[in-house]
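Trainee: Dumping the structure here so I can ask a few things about it.
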Amino acid sequence: MRIGIAGLGTVGSCVYAILKEKGDEIEKRSGRKCIVSKVITRTHSKYEKLGIPSDLIAEDFEDLIINSDIVVETIGGTGAARTLIKQSLDLNRTVVTANKMLISEFGNEFTSSSPTKSLFFEAAVGGGIPIISLLEDYLIFHGIKRVRGILNGTTNFILSEMLRGMDYAEALEIAQKKGYAEADPSNDVKGYDAAYKLSVLMGVKTGIFPGISNIETMGIEEINKRDLERAASSDKKVKLIGTIDFEKGSAFVKPQEVERNDPLWSVDGVENAVEVETDLSGRFILRGEGAGAQPTATAIISDILRASRYAEKQNNSVVIMKFGGTSVDTPEKIRDIAERVQKKVISGVKPVVVVSAMGIETDILHDLAREISSRPNGREMDMLLATGEQKSIALVAMAIQELGMKSISLSGNQARIKTDSNFSNARIVGIDADLISRHISNGYVPVVAGFQGSTYTGEITTLGRGGSDLTAVVLAKALGSQLCEIYKDVDGVYSADPRIVKDARPIKEISWEEMIELSKQGAQVLQSRASECARKYDIKGLVKNAHTNAWGTLIWRGSKVEQPIVRAVTSDQDIVKVVLQEVPDRPGIAARVLKTLTEQNVNIDMIIQSMRSGEFNTMAFTVQANDLAKLRQDILKARSEAREITIEREIAKISIVGVNLTATPAIAATLFETLANEGINIDMISASNSRISVVIDSKKVHLAVNAIHSAFNLEEIA
789 MRIGIAGLGT VGSCVYAILK EKGDEIEKRS GRKCIVSKVI TRTHSKYEKL GIPSDLIAED
849 FEDLIINSDI VVETIGGTGA ARTLIKQSLD LNRTVVTANK MLISEFGNEF TSSSPTKSLF
909 FEAAVGGGIP IISLLEDYLI FHGIKRVRGI LNGTTNFILS EMLRGMDYAE ALEIAQKKGY
969 AEADPSNDVK GYDAAYKLSV LMGVKTGIFP GISNIETMGI EEINKRDLER AASSDKKVKL
1029 IGTIDFEKGS AFVKPQEVER NDPLWSVDGV ENAVEVETDL SGRFILRGEG AGAQPTATAI
1089 ISDILRASRY AEKQNNSVVI MKFGGTSVDT PEKIRDIAER VQKKVISGVK PVVVVSAMGI
1149 ETDILHDLAR EISSRPNGRE MDMLLATGEQ KSIALVAMAI QELGMKSISL SGNQARIKTD
1209 SNFSNARIVG IDADLISRHI SNGYVPVVAG FQGSTYTGEI TTLGRGGSDL TAVVLAKALG
1269 SQLCEIYKDV DGVYSADPRI VKDARPIKEI SWEEMIELSK QGAQVLQSRA SECARKYDIK
1329 GLVKNAHTNA WGTLIWRGSK VEQPIVRAVT SDQDIVKVVL QEVPDRPGIA ARVLKTLTEQ
1389 NVNIDMIIQS MRSGEFNTMA FTVQANDLAK LRQDILKARS EAREITIERE IAKISIVGVN
1449 LTATPAIAAT LFETLANEGI NIDMISASNS RISVVIDSKK VHLAVNAIHS AFNLEEIA
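Every letter in the sequence shown is one number past the one before it in the working numbering, and letter 80, counting from 1, is 868.
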């Protein structure tokens, strides 16, 4: 189980030390292996002080979350900690925290965003006292009548010292010197800390966290030695006690006098104690140290072990690692892949590797086929092309084995990836993941051939250009994995093609909707079918550089935003425009045109129809250049009744992609104005909520893309 720790203060450092020093003992006693996978803190000197290796240091929250099964939040406060917890839950990670303020005030927000038990906060209430475990597990069927207790070790210590003769100021100073009280002790001495804990306990019992505005709160600032002496004369003690009376529907924190027969009477110093009264089993009382790093860290470790049972069910530990052709084109790079896989295994991950053919092997096989046949048979072509990936998987499996790990290579057919019989562009219709799952359970690293599958009759098929991406996403879905790491020779998804725009930057995160548009509009990072499949099944993607440690681009369902955002500009020069001149202006013609294109398996993108001129219109649409060979112009001309068909080749499509782009005319206006200022004429326009595309002269592509990138300041916001 991979543990990510955010915050390396007193508590966070203690958690890190326990996991590193007692990891083997924890595994022996609990049967659960917990490995620190990433850490992050604002005080960078802590890394060196604690001897934390550089490869464990997370670049940001996303890096920490993606590389962890359980995220431990010890940052404190309600700013960055709230962001971390919300994002962790959004990304289906399990969270452990000791942040009682955050749970009290925002617990309803967190629990509503996660359908399963994903948030654990035992340490938020009683330090080392397992009060939440008692309520959630042992007393789950009991009716809880009342909860009362000493919930703040700092105030209990101060009152205990005052009982020994000190005044309030002296006792507070000692508490601060011992580390029991903060420099600003307001939350403790005003009773707010105890009120936050009551709010948390109420949330555990009722499912609704009320926050402290609904809890009557009084602290200890007004208490003096005379008050304690007067109570002592009656054989009583003054304690700051929090009480929830579920029968009366009341909750309050205030100093109270307790008698000797009260179980809270003997709770002194930094101890906490909680009494629970039930309808079935009477009263329970738990007590222990409630202040300091060790009790809190102990409770966090306990929560990690509880949480691991839920995290394991989510299969976060299975990660798909897909490597493109440029990542496997030399023996050296293949050995680098094996070392990356080894690091994953050591960190507790169960990797499944998907690889493409080596380098330009697929192109070489295409050229070889054309030397034999001008129109090669589809079945034989797929048989030929599938050999490229089979070479790769065998070599990668060998490299992994050389590092002392067990690995097995599997073709698409052996991996039981079933497709239809559409050779060269087959669609996956099913996958039986039992075989791969058995290999994983037996300690093997499966290396699966991308880009290929087989029909139910055993015919080898390929999935189209970029099909290895689709293989990886489908395997992630079949194996219950939530993450698909896609390794390329770039640092992620860029704001523009870096070969065209020198200031292009990797985008930190992007939604699948945006990625689908980028893929369709010319970005070569991911196959559009893979993007659509990942969106459908909520698979997270992380596009990374196979040769560096750069963070990359996280692709997921995305943060919900309303304001328009332009993420990237793309260009596609592999398109042509087909123009149908003088098409009769009557119902049904357009339908016949599109039906004909469907029959010929020609996909169109942009389509326009000119204004009527007499009894005729002009229709135009764009297609990918490699689809032009499939277009039977004679049939299309006859069915459309067009006077003639012309082909325009010197064109290119420029697109801006982002969020809510059509929500305001300003986005389109900026795009059109930018092109106008550069003297670039627009031939065609189309738009959707996440894309605006234009067709221009292909000779103006570099000028247009650079101007648009600058106009939307993409070098700054990417």
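Backbone N, C-alpha and C fix where the C-beta goes; we use that ideal spot for every residue, glycine too.
Taking R1158 as part of the alpha helix (DSSP H), name the residues at either end of that continuous run.
Mentor: Note, R1158: alpha helix (DSSP H), 1149-1160.
Trainee: Between which residues of its own chain and I1073 is the CB-CB distance below 8 Å, once the five residues before and five after are set aside?
Mentor: Answer for I1073: P1051, A1061, V1062, E1063, V1064, listed in chain order.
Trainee: Going straight from the alpha carbon of K1488 to that of S1478, what length do you get?
Mentor: C-alpha separation (whole angstroms): 24 Å.
Trainee: Based on Cα-Cα distance, which residue from S987, R1018, N1049, E1045 lies nearest to A1039?
Mentor: Selected option, being the one with the closest Cα: S987.
Trainee: Just list the residues that DSSP pairs V1133 with in beta bridges.
Mentor: V1133 pairs with nothing; no bridge assigned.
Trainee: Given G1255, which residues of its chain have a CB within under 6 Å of its CB, disregarding the five upstream and five downstream residues?
Mentor: Same-chain partners within the cutoff: F1239.
Trainee: Between which two residues does the beta strand (DSSP E) containing M954 stretch?
Mentor: Run containing M954: none; DSSP gives neither H nor E here.
Trainee: Between I1011 and E1077, what straight-line distance do the alpha-carbon atoms span, to the nearest angstrom?
Mentor: Their Cα atoms are separated by approximately 23 Å.
Trainee: Let me check one thing: in DSSP terms, what residues is G1508 bridge-paired to?
Mentor: The displayed coordinates of the chain run from 789 to 1506. Any statement about residue 1508 would go beyond what the structure contains.
Trainee: In chain order, what residues of the same chain have a beta carbon less than 8 Å from the beta carbon of E924, not counting five sequence neighbours either side?
Mentor: Excluding sequence neighbours, E924 sits near V992.
Trainee: Excluding the 5 residues preceding and the 5 following S750 in the sequence, name in chain order all residues of the same chain whose CB lies nearer than 6 Å to its CB.
Mentor: A query on residue 750 cannot be resolved here, the shown segment of the chain reaching from 789 to 1506 and no further.
Trainee: Identify which residue in L1093, I1442, K1131 has its Cα closest to the Cα of I1288.
Mentor: Checked all of L1093, I1442, K1131; the closest Cα to I1288 is I1442.
Trainee: Jot down the residue ranges of each uninterrupted beta strand (DSSP E) in the region 993-1042, minimum 3 residues, whole runs only, in chain order.
Mentor: If we require 3 residues or more, the beta strand (DSSP E) runs fully inside the region 993-1042 come out as 1024-1033.
Trainee: Taking the runs of the beta strand (DSSP E) that are 3 residues or longer, which of them lie wholly in the region 1406-1477?
Mentor: Whole beta strand (DSSP E) segments, 3+ residues: 1432-1436, 1439-1447, 1472-1476.
Trainee: Runs of 4 residues minimum, wholly inside the region 1216-1299: which ones carry the alpha helix (DSSP H) assignment?
Mentor: DSSP runs (the alpha helix (DSSP H)) wholly in the region 1216-1299: 1222-1229, 1255-1266.
Trainee: What's the C-alpha gap between A1126 and T1406?
Mentor: Approximately 57 Å, taken between the alpha carbons.
Trainee: Decide yes or no for the touch test of the region 1020-1040 against the region 924-935: beta carbon pairs closer than 8 Å, at least 3 of them.
Mentor: Yes: the two stretches touch, three or more of their Cβ pairs being nearer than 8 Å.
Trainee: Please list the terminal residues of the continuous alpha helix (DSSP H) segment that includes N1501.
Mentor: N1501 -> no alpha helix (DSSP H), and no H or E assigned at all.
Trainee: Select from I1353, L1342, E1370, S1229 the residue whose C-alpha is nearest the C-alpha of V1447.
Mentor: Out of I1353, L1342, E1370, S1229, I1353 has the C-alpha closest to the C-alpha of V1447.
Trainee: Using alpha carbons as the reference points, say which of I1295, E1120, G797, K1324 lies closest to V1313.
Mentor: Nearest option by C-alpha distance: I1295.
Trainee: Let's test the definition: count the other Cβ atoms within 10 Å of the Cβ of N1002 and tell me whether it reaches 16, buried, or not, exposed.
Mentor: Exposed is the call here.
Trainee: Is F945 near V1058, with beta carbons less than 7 Å apart?
Mentor: Going by C-beta atoms, F945 is nearer than 7 Å to V1058.
Trainee: Apart from the five residues on each side of it in sequence, which residues of its chain come closer than 8 Å, Cβ to Cβ, to P973?
Mentor: Correct list, in chain order: T942, L960, A963, Q964.
Trainee: With DSSP run on the structure shown, which of helix, strand or coil describes D1393?
Mentor: Here D1393 sits in strand by DSSP.
Trainee: Kindly indicate which residue of G1402, D1373, R1420, L1198 has the alpha-carbon position closest to the one of K1383.
Mentor: Checking every option, the nearest Cα to that of K1383 belongs to R1420.
Trainee: Do the CB positions of L1223 and V1106 come within less than 7 Å of each other?
Mentor: Cβ distance not < 7 Å, so L1223 and V1106 don't count as in contact.
Trainee: Using 10 angstroms around the beta-carbon of T1410, count the other beta-carbons present and answer buried if the total reaches 16, otherwise exposed.
Mentor: T1410 should be labelled buried.
Trainee: Starting from L1368, trace the beta strand (DSSP E) both ways and give me its first and last residue.
Mentor: Its beta strand (DSSP E) spans residues 1363-1372.
Trainee: With a CB to CB cut of under 6 Å and the five nearest residues on each side skipped, what residues in its chain are close to T1508?
Mentor: The structure shown does not extend to residue 1508, since the chain is modelled only from 789 to 1506, so the question has no answer here.
Trainee: Which stretch, first to last residue, makes up the alpha helix (DSSP H) that contains F849?
Mentor: Taken as a continuous stretch (DSSP letters only), the alpha helix (DSSP H) holding F849 covers 849-854.
Trainee: Whole-angstrom Cβ separation of V1235 and I1181, contact assumed at under 8 Å?
Mentor: About 5 Å; that satisfies the 8 Å criterion.
Trainee: Out of curiosity, what's the CA-to-CA distance linking N1103 and N880?
Mentor: Note that N1103 scores a pLDDT of 48, beneath 50, so its modelled location is shaky; the value from the coordinates is reported in the next line. Approximately 11 Å between the Cα atoms of the pair.
Trainee: Considering N1333, what are the terminal residues of the beta strand (DSSP E) in which it resides?
Mentor: Segment 1328-1333, the beta strand (DSSP E) holding N1333.
Trainee: Using C-beta distances below 6 Å, list every residue in its chain close to P1083, excluding the 5 sequence neighbours before and after it, in chain order.
Mentor: G915, G916, E1077.
Trainee: Which one of T1066, E1387, A868 has the shortest CA to CA distance from I828?
Mentor: Checking every option, the nearest Cα to that of I828 belongs to A868.
Trainee: Just checking my contact of V1331 with I1343 at CB under 8 Å: how many whole Å lie between their CB atoms?
Mentor: With a Cβ gap of about 7 Å, V1331 and I1343 count as contacting.
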